[in-house]
Every structure is written in structure tokens, then in C-alpha cells.
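Student:
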Amino acid sequence: MTLAAPDRAIPGLAATPLWPPALQREIRQRAIFEAGKLDPQVFDAPALAPLAIRLAPSAWRNLAGLAEAAYRELIAAETALFADPDTWPDLGLPRRVRSMLAKAPPDQPQARFCRMDFHPTPTGWRVSEINADVPGGFIEAGPLTRAIAAYHPACSPPPNPASALARAIAHAAHAPGEVALVHATSYADDQQVLRCIAEELDRLGVPSLFAAPDHLRRSSVAGQWTLSTTGRPVAAVVRFFPGEWLANLPARAECLGAFSQPGLAHANPIRALLLQSKRLPIVLEHRGIRTPVWSSILPQVSPFRRNGRPSHGQGTDVVLKPVWGRVGEGVCMHGVTTTARHRRAVRAAMRRPRQWILQDRFESLLIDHPAGPLHACLGVYVIDGVASGVYARVAPTPLIDATAQDAAVLLDPSLDPPEPERTKLTDAA
Amino acid sequence: MRPDERMALFHTWAPDDSPWSAWAKPILFATDSGRRVPYAIDVPPKLDAVPRSTARTAIIVDLPAQHGVLCAIELARRGYRPVPMYNATSGPGSNLIDIAPIMSPLADGADVIRGCRIPPDAPPAFMLDGARTRAKPRSGQYDNRWIVFPQDFPSARVLRSHGIEQVLLIRYPSRLPTDLRTVLRPWHDAGIHLSSMDPHTGLQIPIDPRVFSTASRLFDHLSLVFHGLRENSAGGFGGTVPHPSSGSGGFA
Chain A
250 MTLAAPDRAI PGLAATPLWP PALQREIRQR AIFEAGKLDP QVFDAPALAP LAIRLAPSAW
310 RNLAGLAEAA YRELIAAETA LFADPDTWPD LGLPRRVRSM LAKAPPDQPQ ARFCRMDFHP
370 TPTGWRVSEI NADVPGGFIE AGPLTRAIAA YHPACSPPPN PASALARAIA HAAHAPGEVA
430 LVHATSYADD QQVLRCIAEE LDRLGVPSLF AAPDHLRRSS VAGQWTLSTT GRPVAAVVRF
490 FPGEWLANLP ARAECLGAFS QPGLAHANPI RALLLQSKRL PIVLEHRGIR TPVWSSILPQ
550 VSPFRRNGRP SHGQGTDVVL KPVWGRVGEG VCMHGVTTTA RHRRAVRAAM RRPRQWILQD
610 RFESLLIDHP AGPLHACLGV YVIDGVASGV YARVAPTPLI DATAQDAAVL LDPSLDPPEP
670 ERTKLTDAA
Chain B
861 MRPDERMALF HTWAPDDSPW SAWAKPILFA TDSGRRVPYA IDVPPKLDAV PRSTARTAII
921 VDLPAQHGVL CAIELARRGY RPVPMYNATS GPGSNLIDIA PIMSPLADGA DVIRGCRIPP
981 DAPPAFMLDG ARTRAKPRSG QYDNRWIVFP QDFPSARVLR SHGIEQVLLI RYPSRLPTDL
1041 RTVLRPWHDA GIHLSSMDPH TGLQIPIDPR VFSTASRLFD HLSLVFHGLR ENSAGGFGGT
1101 VPHPSSGSGG FA
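Chains as they are written, first to last, in the working numbering: chain A, 250 to 678; chain B, 861 to 1112.
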């Protein structure tokens, strides 16, 4: 199964055959009870696609190199923005979050994790966005990919980002106690991600506990924090709670102090929101902060103007996105999004233009498959600067949203051209 | 509990031969610690008025804890396929929702479910915990309340493809919860007939279509944002409209 486009600008990307129904059931069972994927169905379809994506090792090295280079630029940009609070309103950060950022120590111990979402296009890989604050998918890219790889012995799994993140957290945590896995505790979908991280931490001998943000309490020991549910000290905070949601906590909530506590390790620290905002490219351009690799793979981003047009390009050649959107929420694409939904989004953007952006649309190449052509988005994880894994989401439309299906990405050497044989050297030579 | 035991229990309640098993939520089974508690119900549900399973009616059992599980077991005896939809997490310390009164009858009822030999084309009885949002957390308590979303259930198109044209809610009389209303609204809009039954009396009444009006849609949105969430934005439900995996940082 190969790319359908005549221009094979992105070689090395294909799909496995469709799994037979019995195998789909077996993999579903393993996904739930081994990998911990506890959301196996979304609407009328399985959450997991009945196939895996095959990626040439050279293509993985290319993606990894791009992601790492872009990440280095973005972290440097983040440092510059963090030191320049005048940029924070322009990023669309709520006032309460800006206040928290202002208190965050610049040298807070941290483990950083992000995911860059790559799409194959006729002109090379393009990124639709970076998820720098609370990227998910660790189950899919970690234990689930490993389980699925067992059924494709000619392929191998990419690195496991869940174990990489656990190592990064273990390295960053210096305080005594347990790692607090902070999330909105009512959501099983979010807890399952942290369950996966907890298992990896457990393998390293690092204890952890689930917690909500408001469980964080100051300890009687200066600089230390505990959990109100257990009274036990917190060694580090792993936050799977969107940073902009912290703005909804009461202004005097004691737990907010934990996010600006010097010496308490965070993954990710609150400053990750500086990179999460989809207005980031606009602000970087205004400030003259150059990110050549990132800018080469991210389509141009423009402010939303009330006349509905960006400063360049035509209306149908752009995608309308909310600045803080997640899971494809609110993203509008001509010809894909319904007219009613598009109108609602435009009305919302007209009311609050600074909460929306326009991004140049790229052509997403299709993967040909007997089940029908597929658009694929490959999410590449970067953990503390190192590309550490990947998984895909696939859909019949170019808009990858909550209805897209998850797919493991497997490295398939057969997709790389064979190496030329070396010329034998003789004694005479 | 051993992993194979958890898997076996889940498969008893969500067998491969039922099309409705795809929507069964596995979290309680996959994370089952094995803790069991005694449970009882005061009055058995009056189910005589429930349509025969051949009448192509889907059921949503929205009763608290063990009441819902035991009601579903009775429905299984009547030829319905129970589908556990419990999506509660668990955490350290005191949990707001104790899942043991749900898990205990699920475990105890496994033999009954197997013995019912429910046919593969049996209509579904979706099982919810009617107390999933009722309590309010105390300070230091683990908030594991949960709600349902339209994407947790089959669409009206899928219901119809299995010959289902009506849905019966079995619940104690009270205002329809907001989350359940958002689930039922697309079915109502698609013309699926909706009614409600009080298990104490067996009295069945149609659900007033006004609960799905545009005004109520706005009220539901505001209710979620201002009432359910503003009080609890620090913990369980986060700070915005409760879309699951909103923290997953999706692909876009």
C-alpha cells in the first residue's frame, strides 16, 4: 500500500493490510487490558483503526531530526518570551495565567514533553501545530504500539515516549515523596494517560499518585508540598491539566503556589503555554525572533481579522482555528466542515478575534488503502529535546479531529531503498 | 484480581457476539482492585411494564449504584443485553463515588448473565450510575464523579439499523440530568421515541419534548459552565465544558 499521489515527495509511508475481524478483536482486548486504552469506542466507530501505519526508518530519522531542530528553536524562543511579559497578552494568555507565569521561577526543575503533528504533503512534511502543554497519545505511541508490533514481525516499534517521559521525570525530581499526576479527575480518558505514565514510573521505582490540582497543599516544611488526599509529600508534579484551565481556579487557591514553587519539578511547567498558543508564530514574527526550521514546516499563521481574510491568501486556502483548541475542536476547513459549523465558528471569531487564527491550508497526501484512501497525521514526541516516539491518527478527511482513529506507527525497513553493495577491494588494488 | 479474571468478567458483561458490547466501558473492569462490599436494595424494581425484548426498545438504566446493576440483571432475564457504561475513575484517599457497590453486584451477577443465554440480537440496556454527579466533594476528597456524552452512545442511525425506534429510561422521578439530556437530544431530533419509567411504580410516561427545546439547550450549556463546573473547577471537571480528553492535546 503506497501513497496515491503521483508526486512521491514523501516516500516511506504506507499502511499495513486491514486486520481480519478476529485480529481486530484480539488487538482491541490487548489495547484495553494490556495497554490500558480504556476508551475503545468513540461515536459509532472503534477508537483504534483496523490497521497500522508503516514508516521507513529513514523517514522516521527525517521526522525526528526536524522535530528536534524545531524544538531547539522553540525552547530558545520560549526563553525569550518568558523574559518579555509584554508578549503574553498577545499570545492570548488569560490574565490569571499571566499572573501565574509572572510568579514562575525561571530555573524551575522540569521535564519537558511535547508532540508535533506532521502531515505528508507534496512539498514535504508539514506541521499543523505543536502540542506543548498537555499532549496525549502516550498509550497509543507506547504500550499499544508495542502490542501491535508483535503482529508485524517485519517491522519494529519506534521509541516509547511514555518510558522516555518517565525517565525525564525521574531525573528532574529531587524532592522527597511521590510524583503527583495532576489531571481533571472526573475524566477517565485523561486518567488513563497518566495510568500509563505511572506504570513506567513504577518500573523505575518512582512512586506516584493521581491528584487534582486542588489536592496540592503547602507542607509545614518550607518549599515542600503535599497531597490533601494522602498527606504525603510531593516530589514532582506531572500536569495533564491544561494550563489555561488553571485560570478558573479561585484566585487565592493554595494549590496555585505549587506551579511557581522553586525547586519543585514540573512536567510541563506552566511556561509551556507560551508555545501552546496558536498565536505563537504571529508574536515571534512581531518580535523578530527567528525560528527557521519551525517556520519552514509550519504553514503561515495570520491573525483573524473581522473582514474574515488573513493578511495574505484567499478565504478557502486557510483554516480557521481557535487559539486554545484541542482535539481539532473548532477547526474549520472549507469543503470539510459543515456550513453551519463554519458559520458558528466565524461568528465566535468575529466576537473575539484575538482568540482565533488563520493558518494556510496545505494539501494532505493520501495513503492508498483497500478500506479507502486515508489522511494520516503523525504525532512526533520530543522529550527533553530528544525525539522519543510517534503515533498516528487517520481519517478519510484532511481534518483530523475527535472522530479520527488512532493507529500505531511501525518502522518498516522494506520501505527504504536497499543499500548499494560495496565494491570489493582486491589485494591488487 | 488477576488480569485474566478482569478480562473474563468484562467479557461476561460485554461478549463479542453482541453488537452493543463495543460501547461497553471497560474502566471499572480493567482497574478492578477486587474490593467487594455487601449491598442490598429496599424494593425490587417493578419491570412488568417494560416492553418485551422483541419489541425493539433500547433501555437506559439510570439508577444509583447496585440498584442499577440489579435492575439490569433483571432485564437480562427478560432478554435484554446489559451494557455497562460506568466510566468512573478511582484515586487515593476517600473517593467521592464508591465504585465497590457497583463492582460487587457486577461480579456477583456474572453467573446469572452467563446463564441467561442472551441472544446476539438482543436490544441493549445501557447501565449508568444514577448517582454519578449527585454528591459534592469535601476538601481533600478524590472527585471521581463522571458524566456521559453523546459520543459514548450509538447514534440514532445505528439504533435504527438494529430495528430500535424507542428508548426507555428507567430512573427515579427527578429532573432529567443535563448530561443525559445531551445524549437523548440527538435521538429525539432523529425521531426516536423517548419515555421514562419509575421502577418503584412501573409507571411509564413519555419524556416531554420541551426538555429538548432550544432554550433548554442554552440552559444546559450555561448549567454545565456555571453550576456544575464553577463550583468544582479546581478538580474533577476542570475549568471548561467537560469534553473528555480535552487535556489530550489533540491533532489539529
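For glycine and all other residues, C-beta sits at the position ideal for the given N, C-alpha and C.
Keep in mind the model is a prediction, meaning the values are calculated, not measured.
Return the first residue and the last residue of the alpha helix (DSSP H) that M963/B is part of.
Tutor: Its alpha helix (DSSP H) spans residues 960-968.
Student: Output the distance between the C-alpha atoms of H583/A and T565/A, rounded to the nearest integer angstrom.
Tutor: Roughly 6 Å separates the two Cα atoms.
Student: Taking 9 Å as the CB-CB cut-off, is S477/A touching chain B?
Tutor: It does; some Cβ of chain B falls within 9 Å.
Student: Any beta carbon of chain A sitting closer than 9 Å to that of F1072/B?
Tutor: Chain A contact via Cβ: absent.
Student: Are any of the Cβ atoms in chain B nearer than 9 Å to that of Y679/A?
Tutor: Because chain A is modelled from 250 through 678, residue 679/A falls outside the range shown and cannot be assessed.
Student: Excluding the five sequence neighbours on either side, which residues of its own chain have a C-beta within less than 8 Å of the C-beta of N947/B, listed in chain order?
Tutor: Once the five neighbours on either side are set aside, the close Cβ partners of N947/B are K885, I887, W1006, V1008, D1012.
Student: On a CA-only basis, which of W337/A, A326/A, N311/A is nearest F367/A? Give me that one, please.
Tutor: Cα-wise, what sits closest to F367/A is N311/A.
Student: Relative to the C-alpha of L1063/B, which candidate in I959/B, T891/B, P905/B has its C-alpha closest?
Tutor: Nearest of I959/B, T891/B, P905/B to L1063/B, Cα basis: P905/B.
Student: Just the Cα atoms here: how many angstroms apart are V428/A and L513/A?
Tutor: Looking at the two C-alpha atoms, the distance is approximately 10 Å.
Student: Could I get the ranges of all uninterrupted alpha helix (DSSP H) runs contained in the region 973-1054 of chain B, with 4 residues as the minimum, in chain order?
Tutor: Within the region 973-1054 of chain B, the complete alpha helix (DSSP H) runs of at least 4 residues are 1016-1021, 1038-1049.
Student: Output the distance between the C-alpha atoms of P299/A and L267/A, rounded to the nearest integer angstrom.
Tutor: Each residue's alpha carbon lies about 6 Å from the other.
Student: M867/B touches chain A at which residues, Cβ-Cβ below 9 Å?
Tutor: Within 9 Å Cβ-Cβ: Q278, I281, F282.
Student: From E449/A to E283/A, what distance separates their C-alpha atoms?
Tutor: Cα-Cα distance, rounded: 13 Å.
Student: How would you call D650/A, buried or exposed, if buried means at least 16 neighbouring beta carbons within 10 angstroms?
Tutor: Under this definition D650/A is a buried residue.
Student: If distances are taken between C-alpha atoms only, which option among P911/B, D902/B, T949/B, T1038/B comes closest to H927/B?
Tutor: For H927/B, the nearest C-alpha among the options comes from D902/B.
Student: When you check each C-beta in the region 897-909 of chain B against every C-beta of chain A, which residues fall closer than 8 Å?
Tutor: Hits within the stretch: zero.
Student: When you compare each of L272/A, P260/A, Q278/A to A874/B by their alpha carbons, which one comes out closest?
Tutor: A874/B has its Cα closest to that of Q278/A, out of L272/A, P260/A, Q278/A.
Student: Tell me whether S878/B is buried or exposed, calling it buried when 16 or more other Cβ atoms sit within 10 Å of its Cβ.
Tutor: Buried, since its Cβ has 16 or more Cβ neighbours within 10 Å.
Student: Looking at the unbroken beta strand (DSSP E) that takes in H401/A, where does it start and where does it end?
Tutor: Segment: none, H401/A is in no beta strand (DSSP E) and carries neither H nor E.
Student: Which word fits R1041/B, buried or exposed, when buried means at least 16 other C-beta atoms lie within 10 angstroms of its C-beta?
Tutor: Per the 10 Å Cβ criterion, buried.
Student: What does D339/A reach in chain B if we use C-beta pairs closer than 9 Å?
Tutor: Residues of chain B passing the Cβ test: none, with the nearest at roughly 21 Å.
Student: Are the C-beta atoms of T872/B and some chain A residue less than 9 Å apart?
Tutor: It does not; no Cβ of chain A falls within 9 Å.
Student: Report the option in P667/A, A657/A, E668/A whose CA atom is closest to the CA atom of C404/A.
Tutor: Answer by Cα proximity: A657/A.
Student: Assuming the contact rule is C-beta atoms closer than 8 Å, V631/A and A316/A should be a hit. Round their C-beta distance to whole Å, please.
Tutor: Right, the Cβ-Cβ distance comes to about 5 Å (below 8 Å), so this counts as a contact.
Student: Report the rounded CA-to-CA distance for I1065/B versus R452/A, giving the unit in angstroms.
Tutor: Cα-Cα distance, rounded: 55 Å.
Student: Under the three-state reduction of DSSP, which class applies to D382/A: helix, strand or coil?
Tutor: Looking at D382/A - three-state DSSP - the assignment turns out to be coil, as it is neither helix nor strand.
Student: Could you compute how far the alpha carbon of E865/B sits from the alpha carbon of H871/B?
Tutor: Roughly 10 Å between the two C-alpha positions.
Student: Between the beta-carbon of G472/A and the beta-carbon of P410/A, is there less than 9 Å?
Tutor: Their beta carbons are not under 9 Å apart, which means G472/A does not touch P410/A by this criterion.
Student: What's the gap between the Cα of E1091/B and the Cα of R274/A?
Tutor: Confidence at E1091/B is low in this model, with a pLDDT of 36, below 50, so its placement is unreliable and the value that follows should be read with caution. Computed Cα separation, rounded: 41 Å.
Student: Alpha carbon to alpha carbon, how far is Y1032/B from H1060/B? Give it in angstroms, no decimals.
Tutor: Rounded to the nearest angstrom, the two C-alpha atoms are 8 Å apart.
Student: Can you look up F367/A in the DSSP assignment and give me helix, strand or coil?
Tutor: Reduced to three states, the DSSP call for F367/A is strand.
Student: Is any heavy atom in the ligand ZN found nearer than 8 Å to the beta carbon of A932/B?
Tutor: The ligand ZN is not part of this structure, which contains no ligands at all.
Student: Within 10 Å of its beta-carbon, does H618/A have 16 or more other beta-carbons around it, so buried, or fewer, so exposed?
Tutor: Looking at its Cβ environment, which holds 16 or more other Cβ atoms inside 10 Å, H618/A is buried.
Student: Closer than 6 Å by C-beta to H1087/B: which residues in its own chain qualify, once you throw out the five before and the five after it? Chain order, please.
Tutor: In this prediction, H1087/B scores a pLDDT of 43, lower than 50, which makes its location untrustworthy; no coordinate-derived value is stated.
Student: Using only the alpha-carbon positions, how far apart do A326/A and Q1026/B sit?
Tutor: Near 57 Å, if we compare the C-alpha coordinates of Q1026/B and A326/A.
Student: For P548/A, which of P407/A, V585/A, L607/A has the nearest alpha-carbon?
Tutor: Comparing Cα positions, the closest option is L607/A.
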